[in-house]
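See below for the structure under consideration.
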């Protein structure tokens, strides 16, 4: 597991989302998409993060 993934996982646990992360596929997908954002070309980050922000406010 990468340092970023470990850090995100610790934060998920710290805010009390551990059980929800394991039970809800939509939350699992969202967290995974946040991790993948680090591999997106820098010219596309604003677009992708905006898309994730819209998903987050609608579904989670």
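Numbering (our numbering), first residue to last: 1 to 60. For glycine and all other residues, C-beta sits at the position ideal for the given N, C-alpha and C.
Asked, Found
"Hey, quick one: how far does the alpha helix (DSSP H) through residue 6 stretch, first residue to last?", "3 to 14"
"Is the segment 13 to 22 close to the segment 48 to 55, with three or more CB pairs under 8 angstroms?", "no"
"Using the three-state DSSP reduction, which class does residue 40 fall into: helix, strand or coil?", "coil"
"From residue 65 to residue 16, what distance separates their C-alpha atoms?", "Any question about residue 65 goes unanswered here, given that the chain covers just 1 to 60."
"Under three-state DSSP, which class holds residue 24?", "coil"
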